[in-house]
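Visitor: If you're matching them up, the sequences are chains A and B in order.
Number 850 in full-length UniProt numbering belongs to position 850 of the first sequence; there are no gaps in the numbering.
Number 722 in full-length UniProt numbering belongs to position 722 of the second sequence; there are no gaps in the numbering.
All residues carry an ideal CB built from backbone N, CA and C; glycine is no exception.
All values reported here derive from a predicted model rather than from experimental measurement.
A single structure is presented below for examination.
There are 2 protein chains.
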Amino acid sequence: MGEEHTAPERYVFSFGAGVADGSAEMADFLGGKGANLAEMSALGLSVPPGFTLTTEVCRHFSQHRVVPDGVERQVRDAMNRLEETTGRHFGAGHNSLLLSVRSGARASMPGMMDTILNLGLNDSAVEALAEETGDGRFAWDSYRRFIQMYSDTVLRLDLEFFEEIIEEERERLGRDSDAEMTAGDWKAVVTRYLAFVEEELGEPFPQDVETQLRGAIRAVLGSWMNPRAIAFRALHGLQDQDGTAVTIQAMVFGNRDDRSATGVCFTREPNTGVKTLYGEYLPRAQGEDVVSGMRTPLPLSSGQASGHGVDNADRSMQVVFPNVYDELKCVSERLEAHYGDMQDIEFTVESGKLYILQTRTAKRSAGAALRIAVEMAEADLITRNDALLRIDPLSLVSLLHASIDPDAERDHIASGLPAAPGAASGQIVFSPDEAADLAERGKKIILVRTETSPEDIHGMSAAEGILTTRGGTTSHAAVVARGMGKPCVSGAGTLRVDYDAKTLSTMGRTFDEGDTITIDGTTGEVFAGAIAMRKPQLSDDFRTILEWADATRRMKVRTNIDVASDAELARDFGAEGIGLCRTEHMFFGDERILAMRHLVLAETDNDRESALLTLLPSQRRDFVELFEQMAGLPVTIRLLDPPFHEFLPHTEEEMRETADALGVPVEKIEFRAETLRETNPMLGHRGVRVAISYPAIPEMQVRAIFEAAIEAGQRTGRPVKPEIMLPLVGLQREVDFVREIIDRVARDVMKETGQSVEYTVGILIELPRAAVRASLIAQSCDFFSFGTNDLTQTVFGISRDDAAQFLETYRQAGIVEANPFITLDVEGVGELINMACVNGRAVQPELLTGICGEHAGDPKSIEFCEEAGLDYVSCSPFRVPIARLAAAQAALRVKNGAS
Amino acid sequence: MGEEHTAPERYVFSFGAGVADGSAEMADFLGGKGANLAEMSALGLSVPPGFTLTTEVCRHFSQHRVVPDGVERQVRDAMNRLEETTGRHFGAGHNSLLLSVRSGARASMPGMMDTILNLGLNDSAVEALAEETGDGRFAWDSYRRFIQMYSDTVLRLDLEFFEEIIEEERERLGRDSDAEMTAGDWKAVVTRYLAFVEEELGEPFPQDVETQLRGAIRAVLGSWMNPRAIAFRALHGLQDQDGTAVTIQAMVFGNRDDRSATGVCFTREPNTGVKTLYGEYLPRAQGEDVVSGMRTPLPLSSGQASGHGVDNADRSMQVVFPNVYDELKCVSERLEAHYGDMQDIEFTVESGKLYILQTRTAKRSAGAALRIAVEMAEADLITRNDALLRIDPLSLVSLLHASIDPDAERDHIASGLPAAPGAASGQIVFSPDEAADLAERGKKIILVRTETSPEDIHGMSAAEGILTTRGGTTSHAAVVARGMGKPCVSGAGTLRVDYDAKTLSTMGRTFDEGDTITIDGTTGEVFAGAIAMRKPQLSDDFRTILEWADATRRMKVRTNIDVASDAELARDFGAEGIGLCRTEHMFFGDERILAMRHLVLAETDNDRESALLTLLPSQRRDFVELFEQMAGLPVTIRLLDPPFHEFLPHTEEEMRETADALGVPVEKIEFRAETLRETNPMLGHRGVRVAISYPAIPEMQVRAIFEAAIEAGQRTGRPVKPEIMLPLVGLQREVDFVREIIDRVARDVMKETGQSVEYTVGILIELPRAAVRASLIAQSCDFFSFGTNDLTQTVFGISRDDAAQFLETYRQAGIVEANPFITLDVEGVGELINMACVNGRAVQPELLTGICGEHAGDPKSIEFCEEAGLDYVSCSPFRVPIARLAAAQAALRVKNGAS
C-alpha cells in the first residue's frame with residue numbers, strides 16, 4: 001500500500017572503468033563473482049565493465065516467477081551506463097555492445113547453472129562484427145556459439161540437434177575439425193540453426209536484443225532452482241534461499257585474433273605453496289575451450305613445465321606474450337597482497353590487452369596451505385590468528401597418512417565408506433590369525449572381513465589396512481582402525497566375501513586370497529593391484545602451525561587408546577594425556593582372552609575370583625607400562641565396558657578350541673552364549689551394570705590401577721594420579737556403589753604399600769538420563785566425560801551399526817545435513833551436554849569436563865565443545881594434530897563471536 | 001555448647017487413664033502403635049497405661065549407639081507417672097509393676113523387630129506374684145517366658161538351649177505338653193535357665209529391674225538395624241532413617257485365669273465388607289499363643305463359623321464372654337466411627353476386664369474395600385473424595401480377572417513374572433497354529449513359548465493364557481496379553497521348553513503337550529493340573545466408585561488397541577477414545593501377512609505398490625470397523641512402526657511355506673532376512689524411518705484412514721476426526737516429510753469423494769531428542785503422545801528385553817526402587833516429558849498431550865501425568881478402570897497439594 005512512497009530497493013550494482021557500486025564484502029548480495037569484479041574494478045584493474053543483479057532478485061524470482069518491480073528500470077539505467085563506459089551500443093548493428101550473462105552465488109557452484117556469451121548478436125550485428133574485425137570466421141563462429149547457448153538455456157532446445165547439424169555440415173564440406181571451418185562454413189551452420197529453431201518453436205530466433213537480454217536473465221535466475229543445482233546444494237550444505245546473483249558484463253574475446261588468449265593463473269604453486277606465477281593459457285580461445293579439454297593448454301611461466309611437456313616451455317606465455325605476462329604478474333601480486341591470500345585468477349587477452357574476469361581464493365594442497373599461512377604470517381601480511389583460521393584442520397589428515405600418487409594409474413573395483421584415512425596396498429587375507437602369521441613373515445596384508453569384532457584386533461594390528469563389506473564409519477573396524485592410524489574402507493556393499501571359498505568378488509570379477517589390492521581410506525575406494533604411494537609429509541610448517549595452535553587454544557587435547565603401546569605415538573602427536581583408555585582391549589590378547597572366557601563362564605564367585613587372579617598381573621603390567629609412558633600426564637581409565645558375550649568365541653571351531661583349553665564341555669560354552677545373547681546389546685548388560693553385577697571385576701581392575709600407579713610413580717619419579725571412569729552410568733546410586741569399591745580397594749592398596757595415591761572418579765555420560773540428572777550425579781563425581789558415540793545412539797534412538805540403511809536416505813531427502821555420528825548433533829545431543837555441564841558445575845564447581853567420542857576429532861564438533869566450555873577433547877592418536885588446530889580455531893571463533 | 005540453655009527435646013510421651021500426651025497424627029514420631037495407643041487413651045478407652053520413646057531416640061541411637069541425653073531422666077519421670085496410674089511399683093517385689101517393651105515404626109513391620117514381655121520379674125517378684133494371684137503356675141511360667149525373651153533379645157543367647165532345657169525337664173518329669181506342667185515344674189525350668197545364663201555369660205541374670213529396662217530398650221532400638229529388618233525395608237520401599245518408636249506399657253495377662261483371654265477383631269468381614277464383629281480369640285492365652293498357631297483360635301461371633309468348625313460356634317466369645325463381647329462391639333463401633341475406616345483391633349481380657357492393645361486400619365479384599373468406601377460415603381461418614389482416595393486402584397485388577405480360589409489345593413511347579421493379571425487353566429500347547437486349531441475345537445489352551453513374536457498373535461488370542469520362559473513384564477507376550485486381558489506369566493526361567501520333544505520341564509518333572517497346567521498371572525506362579533477359580537466380580541459398588549471417579553478426574557482415559565475388535569471391550573470399561581491403535585497388528589492375519597511379506601521382499605517401487613494395493617482394502621475395512629465402533633470418539637492411529645524383519649518368517653519351515661506361496665526361491669527370503677538383520681533392532685530402521693524410506697507405505701495407510709473415516713462417518717452419522725501419529729520421531733523434518741504426504745493424500749481423497757474430513761497429525765515421543773527439541777517439533781504437530789516404554793529404554797539405555805538380568809540385581813542392591821518399565825522414572829524420563837510439554841506448549845498452546853506407554857495404567861505414573869498436565873492417559877483395555885480411578889485420585893492429590 002505505502003510501498004510507492006519508500007525509496008525503491010537497489011537491485012543492480014554497476015562496476016567498471018575504475019569505479020564500482022559494490023565491494024568484496026558484498027558477496028552475500030552480489031555473489032562471489034560480482035563482489036570480486038566490483039572490488040577489482042575499484043582497485044583500478046582492467047575488468048570488462050558491467051553490472052550485477054542482486055541475490056534478492058533471485059529470491060523474489062524463485063518465489064513469484066517474476067523479477068521484482070523496478071528491476072527492469074534499474075537494468076535499463078545500468079545498460080545506459082555500460083554503453084557510455086564502453087562507447088558501444090546494445091543492438092546497434094555497427095559497434096555493437098555484446099554481453100556475457102552469468103550466475104554467481106555466494107559459494108561457488110561450478111557448472112551447475114547457466115551462462116550465456118556473445119549476447120546481443122543477431123543477423124545484422126554479426127555482419128557488422130565481421131566487417132569491423134575483418135574476421136568473418138570469428139564473427140559467424142561467435143554467432144553460432146550464441147545461438148547454441150541461448151537455444152539451450154533460454155529456449156530449452158536439445159543441444160544434440162545443434163551438434164548434429166555441425167557434424168552434417170562438416171561432413172558435407174569435408175572438414176576434419178572445427179579449426180578448418182571457414183567464415184562461409186559457419187554462416188551455413190548458422191542458417192541451418194536459425195531454420196531449426198523456427199521449425200521447433202514456430203517462431204524465429206529472437207533478433208531483438210532486449211528480448212534476448214530479458215530471456216537470458218530469466219533463464220539464469222531460473223537455473224538456480226534446476227534439479228542438479230538443488231542436488232548440489234543439498235550435497236554441500238548450501239541453502240536454497242541464498243539465491244544467485246546475475247552478472248552482465250561486456251564481452252571480451254580471447255579468440256578475436258592471434259594477439260588474443262585466455263587462461264587461469266594462480267599466485268602460487270598450488271601443490272607446494274611456492275610463490276611463482278603458475279597456471280595455463282590457450283592462445284586464440286574462449287574460456288569454454290580451456291574447460292572443454294579439446295585443446296591442451298600451455299604453461300604461463302617458462303620454468304613451469306611439469307604436466308605440460310618440456311617442449312611446451314617455449315610456448316609459455318612468458319615467452320609468447322612477455323608484456324602481458326609481466327602485467328599479469330603485477331596484477332597477481334597486487335591481488336594476493338590485497339586479499340591477503342593466494343588467488344586463482346581468470347583472465348582474457350583481447351588483441352594484446354589484458355582483462356581480469358574473476359579472482360577468488362585459490363584451492364591448494366594441505367602442504368601448500370601450511371606453507372602459505374606460515375610464510376604470510378611471518379611476513380606480517382596476516383596475523384598468526386589469521387594463519388591458524390586459514391587451515392582446514394581436516395586437510396591435515398592427508399599429511400599424516402600415505403596417499404595414492406595422484407598421477408598413478410588405478411583400476412577401481414569398488415567404493416565403500418572412508419572409514420579411516422590413508423592408503424595401503426597388500427595381499428588379501430580373510431582370517432585375522434593368518435593375517436598375523438603372514439605379517440610376521442614380512443608380508444603386507446589387507447585384512448578383508450564382512451565386519452570385524454574385538455577378537456580380530458591382532459589381525460587388524462598386523463594388517464596394512466582393513467576392508468569390510470558391512471558397517472559404517474563408526475563401526476568397530478572404523479573406530480579401531482582410526483585408533484591404530486591404519487587405513488580402513490568399510491561398508492563396501494558391492495563386494496562379497498566368501499570365507500569358505502576364500503574369495504572377494506564384485507560384479508564379474510573375483511579376487512582370491514593372496515591377490516593384491518589397494519584401499520584408499522581417505523576416499524573409500526578399492527583398487528585392484530598395487531598403486532604408487534606418497535609418504536606422509538610432516539613439514540616444519542606443520543609443526544609451526546601446531547605450535548601456534550597450542551599457544552592459542554584453551555581446551556586440552558587428550559587421546560583415546562586401547563593398549564599401552566598406542567600411548568607413545570599419541571604423545572608424539574602432542575596428546576596431553578589419556579582421555580579414554582579402553583581396558584577391555586587389554587583382554588583380547590592370546591593368553592588373556594582365555595582367562596577372560598574363564599571369567600565369563602564362571603558359575604560361582606570362587607570360580608570368578610580365580611579367573612580374576614589370573615588377569616590381575618597382566619592388567620597391572622599394562623597399567624605400569626601406560627603410566628610410565630605418560631609420565632605424570634593425566635590418564636583416564638574406563639572400567640570394563642562391553643557385555644560378557646563379546647568375549648565368548650563365535651565360530652564353532654573357536655568354541656571347540658576354547659572348550660579344550662578350559663577343559664569344559666563345548667555345550668557349556670554354547671549354553672552360556674545362548675543365555676548371554678541379547679536382543680539389543682547396545683542397551684544391555686554392559687558398562688557399570690557389569691561392575692555392579694560382579695563387583696569382583698572392578699575390584700580386580702581398581703587394584704591393578706593402584707598397584708601400577710604406585711610402581712610407575714616410583715620408577716618415573718612422577719606421581720600418577722589415575723582418573724577412574726565408569727561407563728554407561730544413568731543413576732547416582734550406580735556411582736556410589738562402585739565408588740565405594742574404588743575407595744575401599746584404594747585404602748587397602750595404600751595400607752599394604754604404605755604409599756598414597758591421589759585419584760579421581762568420574763563417569764562417561766552416554767545416556768540421556770545421566771545428562772538430565774547431572775545435578776545429582778555430579779555430587780558423586782569428580783569429572784564428566786561425554787561419550788558422544790553412545791550418547792548420539794541413545795538421544796537419537798539410532799544404532800550406529802544399523803544406521804547406514806536409512807541415514808543415507810535421510811541425507812538425500814535433506815532430513816539430516818550431516819551424519820550425527822561424525823558431526824555432533826548440536827541441537828539435540830549438544831543440548832543435553834550443555835544441560836549436564838551447567839547443572840553439574842552448579843553443584844560441583846571443580847567438575848572436570850571432556851569429550852571422548854569420535855566427535856572429539858571433528859572440527860565442527862570441537863567448536864561446540866569450546867562453546868560448551870569443556871576442559872578437554874580426547875580423540876584417537878592420529879586425530880590429535882587435527883584437534884589441536886581445531887581447538888585453537890574454536891577458541892579464536894568463540895572469542896571473536898563473544899567480543 | 002549452648003545446649004543446656006535450650007528447652008530439652010521431648011523424647012517420651014505418656015498415655016493411660018483417659019489422658020495422653022500424643023495423638024494419632026503423631027505416627028511419624030510415636031510409631032503407628034504408640035500414636036494409636038495415645039489416641040485411644042485420650043478417647044477414654046481401656047488401654048493399659050504406658051509411654052512411648054520417639055523415633056528420634058532410635059535415629060540418634062542408630063548413629064551413636066547411645067540414647068540422647070535426657071532420655072533416661074524422661075523415662076524415669078514417665079515410670080513415676082506409670083507407677084502412680086497403676087498403683088504398682090517397679091521392682092517392688094509385692095504389687096510389682098510388670099512391663100511390655102515393644103517396637104513400633106510408622107509403617108508396620110510384622111515380626112521384624114524384638115518384643116519383651118513380663119519385664120520387671122525377678123527372683124523375689126515372681127514369688128510375690130504367685131502369692132498375689134494364688135497361681136504359682138502362672139507366676140513361674142511368666143518368669144520363664146521373660147527369661148527366655150530377655151536372653152534371646154538382650155543377652156543374645158541362642159533360644160535353642162532354652163527349648164532343650166524345657167524338653168529335658170518335660171521328659172524327666174514325664175509331662176506330655178506344657179499344659180501339664182505345674183508351678184514346681186516351671187520353677188525347676190527357671191532354676192536351670194538361670195544357671196545356664198550365668199554359665200554362658202559369667203554373671204547372673206540381671207535381677208535389677210532398672211538394668212532390665214535399660215537393656216530391653218537398647219535391644220529394641222538395636223533391632224531396627226538388624227539385617228532382616230533392613231532387608232524388609234528395602235523390599236517394601238521403607239527408609240532406614242525413619243527409625244522405630246519404643247512403647248513401654250503395663251502388662252495385662254490374657255493367661256491370668258479362666259476369665260482371661262486374648263484376641264483380634266475386625267470391625268467388618270474383611271472379604272465382603274459386611275458390617276459385623278468378626279475375628280477370633282483364645283481363652284487363657286497371651287498374644288504370642290495366637291500367633292504361634294499352637295492352639296486353634298475360636299470365633300468371636302456365634303454366627304461367624306466359617307473356617308472355625310461349626311461345633312466351635314458355641315465356644316464363641318459372644319456365647320462364652322457375652323459382656324466382654326458387647327463391650328468389644330461398642331469399642332469396635334466407636335473406633336470405626338472415630339477413625340472413619342474399618343479397624344483391626346488387638347485386645348486382651350484380664351480377669352474379665354477388657355483392654356485394647358492396638359488398633360489400625362484393617363486389610364480387606366478389593367471387593368470389601370469398594371463396599372466399605374461406598375457405604376461410608378453414602379452414610380456421610382466420609383466424603384466421596386475420601387472414598388475415592390481409599391481404594392488402591394491396582395486392587396481392582398483382582399476384580400476384573402478370574403482368580404485362583406484361595407482355599408484350593410495347588411501343586412506349584414515354577415514362578416515367573418506376573419506379566420498379565422488373572423488365572424487360567426488349560427492344556428499345554430507349544431505352537432500358535434495348533435493353539436488356534438484346538439481352541440476352535442473347544443479346547444482350553446495355555447500357549448507355552450520361550451518368547452512370543454507378533455506372528456504368534458492368533459495363537460495368543462486363541463489361548464486362555466500365555467506362559468513364556470524368557471522376557472520381562474514388558475516383553476511382547478506381556479504387553480499383548482495385557483491388551484487382550486489374558487493372564488500371562490513371563491520369564492519363568494526355571495522352566496525349559498523343548499519344541500522338538502514337545503515338552504515343558506522343570507527340576508525333575510516333565511510335562512507333555514496336552515497336559516493341563518494353571519497359571520496365575522497376578523502372582524507369576526505356575527501350577528500342575530487344573531485349580532478351582534473365582535470369577536471376576538464387577539459389583540454395583542465398583543460401578544459407583546468409577547462414576548464418582550469420572551466426575552472427579554481432569555484427565556481423559558483412552559485405550560491402546562491392536563485390532564478393531566478390542567475397541568468394544570475398551571468402551572465397556574469406560575475408554576473415552578483410542579490413544580494408540582497399533583496398525584501393524586492388523587497385518588499379522590493369515591492372508592495379510594503374505595501381502596506384507598510380499599511388500600518386505602519387494603525390490604522395486606512397482607512391486608511394493610502392488611503389495612500395498614492388496615493391503616489397502618483390508619486396512620480400510622479395519623479402520624471402518626474401528627471408527628464405527630468408536631462412533632465419533634477420538635481415535636489415534638499410529639503409522640506402521642516395526643522394522644521390516646519382524647514380518648519375515650523365522651523358522652525354515654515357515655520360510656519354505658512363504659516362498660511357495662509367493663512363488664519366490666527360499667534363498668531370496670533368507671537373503672532378505674540377512675540384509676534386514678539388525679544388531680540393535682530397537683534403535684534400527686523402524687518407525688517414521690520406514691515411512692521416509694518407503695513413502696508408498698504411509699500413502700497407503702493414510703488413504704485407508706481417510707476413505708474409512710468418510711465411510712464410517714456416513715454410516716454412523718458422526719463425523720470421524722482421525723489423529724494420525726508418527727512413531728519414533730527425533731527431528732522436525734521427519735514430521736514435515738510425512739505430514740506433506742498426509743496432507744496430499746487427504747486432499748486427494750477429499751477431492752475424489754467430495755467429502756471433507758478434519759484430522760490432526762502428531763508424534764509419539766519415544767526419543768530423548770524429540771523431547772529436547774520439542775519447541776521446534778511442536779511447530780509441525782497437533783499432539784504429543786509419550787511412548788514411555790521406548791522413552792524409558794532410550795533415556796536409561798536399557799533394552800526391556802534384556803533388562804531382567806541386571807534390574808533384579810539393581811533392585812536388590814537398592815540402586816533402583818521400582819522397575820522403571822512399570823513405574824515411570826519421574827526424575828529422568830519424567831523430566832524429559834515435562835521439558836517437552838513446557839517447550840511444546842510455548843509454541844503451540846493448543847497442543848494435545850497424552851501418554852500411551854504401559855505406564856498409563858500404573859497409578860503412581862498417572863499421578864505424574866496429572867502433575868505434568870497431560871490431557872489424557874491411554875492404557876490397555878483392562879487397565880481402563882484402574883486408570884479412571886487413579887486419574888481421579890491424582891486430580892484430588894494434586895489439588896490438595898496445590899491448595
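For E766 of chain B, would you say it is in contact with chain E, using Cβ-to-Cβ distances shorter than 8 Å as the test?
Guide: No chain E is present in this structure, whose protein chains are A and B.
Visitor: I'd like the list of long-range same chain contacts for H458 of chain A, defined as Cβ closer than 7 Å, with 5 residues on each side in sequence excluded.
Guide: The residue given as residue 458 of chain A occupies position 458 in the first sequence. So the qualifying residues of the chain are P432 and A436.
Visitor: Under three-state DSSP, which class holds L417 of chain A?
Guide: Your numbering for residue 417 of chain A matches position 417 in the first sequence. Three-state DSSP puts L417 of chain A in a strand.
Visitor: DSSP state of D326 of chain B, grouped into three classes?
Guide: Walking along the second sequence from the start, residue 326 of chain B turns up at place 326. The answer is helix: DSSP assigns D326 of chain B an H, G or I state.
Visitor: Is DSSP giving A245 of chain A helix, strand or coil here?
Guide: Looking up residue 245 of chain A in the first sequence gives position 245. It is a strand residue.
Visitor: What did DSSP end up calling I220 of chain A once you bin it into helix, strand or coil?
Guide: Along the first sequence, read from residue 1 onward, the residue named residue 220 of chain A stands at position 220. For clarity, residue 220 of chain A is Val in the given sequence; the question names Ile instead. If DSSP states are grouped into helix, strand and coil, V220 of chain A belongs with the helices.
Visitor: Could you tell me whether the segment 718 to 726 of chain B touches the segment 592 to 605 of chain B, where touching means 3 or more Cβ pairs closer than 8 Å?
Guide: Contact fails: fewer than three Cβ-Cβ distances are below 8 Å.
Visitor: Quick one: Cα of H308 of chain B to Cα of D802 of chain B, how far?
Guide: If you number the second sequence from 1, residue 308 of chain B lands on position 308. If you number the second sequence from 1, residue 802 of chain B lands on position 802. In this predicted model, H308 of chain B has a pLDDT of only 48, less than 50, meaning its place in the structure is not dependable; the value taken from the coordinates is given anyway. One C-alpha to the other measures close to 49 Å.
Visitor: In the DSSP assignment, find the beta strand (DSSP E) that holds P283 of chain A and state where it starts and stops.
Guide: Translated into the one-based positions of the first sequence, residue 283 of chain A becomes position 283. Start and end: K275 to P283.
Visitor: Is any beta-carbon of chain B found at less than 8 Å from that of Y810 of chain A?
Guide: Translated into the one-based positions of the first sequence, residue 810 of chain A becomes position 810. By this cut-off, Y810 of chain A is an interface position.
Visitor: Hey, which unbroken runs of the alpha helix (DSSP H) at 4 residues or more fall wholly within the segment 132 to 174 of chain B?
Guide: Taking only runs of at least 4 residues, the alpha helix (DSSP H) segments lying wholly in the segment 132 to 174 of chain B are 136 to 153 and 159 to 173.
Visitor: Could you tell me whether the Cβ of G307 of chain B comes closer than 8 Å to any Cβ of chain A?
Guide: Within the second sequence, the letter at position 307 stands for residue 307 of chain B. Caution is warranted here: a pLDDT of 49 is assigned to G307 of chain B, below 50, making its placement in the model unreliable, and the coordinate value is therefore given only provisionally. Judged by the 8 Å Cβ criterion, G307 of chain B is not in contact with chain A.
Visitor: Short of 7 Å in beta carbon distance, which residues of its chain neighbour M40 of chain B, apart from the five on each side in sequence? Order them along the chain.
Guide: Position 40 of the second sequence, counted from the first residue, corresponds to residue 40 of chain B. Within the same chain, M40 of chain B has close Cβ partners V47, I356 and T359.
Visitor: For H89 of chain B, which residues does DSSP report across the bridge?
Guide: By 1-based counting over the second sequence, the position of residue 89 of chain B is 89. Bridge partners of H89 of chain B: B:S96.
Visitor: Within its chain, find whatever has a CB closer than 7 Å to the CB of F161 of chain B; leave out the 5 residues flanking it on each side and keep chain order.
Guide: As a first step, residue 161 of chain B must be located in the second sequence, where it is residue number 161. Once the five neighbours on either side are set aside, the close Cβ partners of F161 of chain B are F196.
Visitor: So who's on the other strand from residue 925 of chain A, going by DSSP bridges?
Guide: Residue 925 of chain A lies beyond the range of chain A shown here (1 to 899); nothing can be said about it.
Visitor: Please report the distance separating the alpha-carbon of V189 of chain B from that of G91 of chain B.
Guide: Here residue 189 of chain B refers to the residue found at position 189 when the second sequence is read from its first residue. Here residue 91 of chain B refers to the residue found at position 91 when the second sequence is read from its first residue. So the alpha carbons of these two residues sit roughly 22 Å apart.
Visitor: Tell me which residues share the same chain as G840 of chain B and place their Cβ nearer than 6 Å to its Cβ, disregarding the 5 neighbours each side in the sequence.
Guide: Along the second sequence, one-based indexing puts residue 840 of chain B at 840. Correct list, in chain order: A774, A778, F784 and L847.
Visitor: Use the C-beta contact count for S425 of chain A: other C-beta atoms within 10 angstroms, 16 or more gives buried, fewer gives exposed.
Guide: As a working note, residue 425 of chain A is residue 425 in the first sequence. Classification of S425 of chain A: buried, given that the 10 Å Cβ count is 16 or more.
Visitor: If you pair each beta-carbon of the segment 567 to 582 of chain B with each one of the segment 863 to 874 of chain B, do three or more pairs fall below 8 Å?
Guide: The answer is yes - the segment 863 to 874 of chain B touches the segment 567 to 582 of chain B, with three or more Cβ pairs under 8 Å.
Visitor: What residue does the beta strand (DSSP E) around R571 of chain A start on, and which one ends it?
Guide: Within the first sequence, numbered from 1, the residue matching residue 571 of chain A stands at position 571. Per DSSP, R571 of chain A belongs to no beta strand (DSSP E); it is in the alpha helix (DSSP H), D566 to D572.
Visitor: Run through DSSP, which three-state label would H412 of chain A get?
Guide: In the first sequence, counting from the first residue as 1, residue 412 of chain A sits at position 412. Three-state DSSP puts H412 of chain A in a strand.
Visitor: Let me check understanding here. Comparing Cα to Cα, which of A:R553, A:R543, A:F588 and A:A362 lies closest to D572 of chain A?
Guide: One-based indexing of the first sequence puts residue 572 of chain A at position 572. Selected option, being the one with the closest Cα: A:R543.
Visitor: Could you tell me whether the Cβ of H685 of chain B comes closer than 8 Å to any Cβ of chain A?
Guide: Taking the first residue of the second sequence as 1, we reach residue 685 of chain B at position 685. Chain A, which has a Cβ nearer than 8 Å to the Cβ of H685 of chain B, makes this yes.
Visitor: Cβ closer than 8 Å: which chain B residues qualify as neighbours of S693 of chain A?
Guide: By one-based count along the first sequence, residue 693 of chain A stands at place 693. Those within 8 Å of S693 of chain A in chain B are Q805, F806 and T809.
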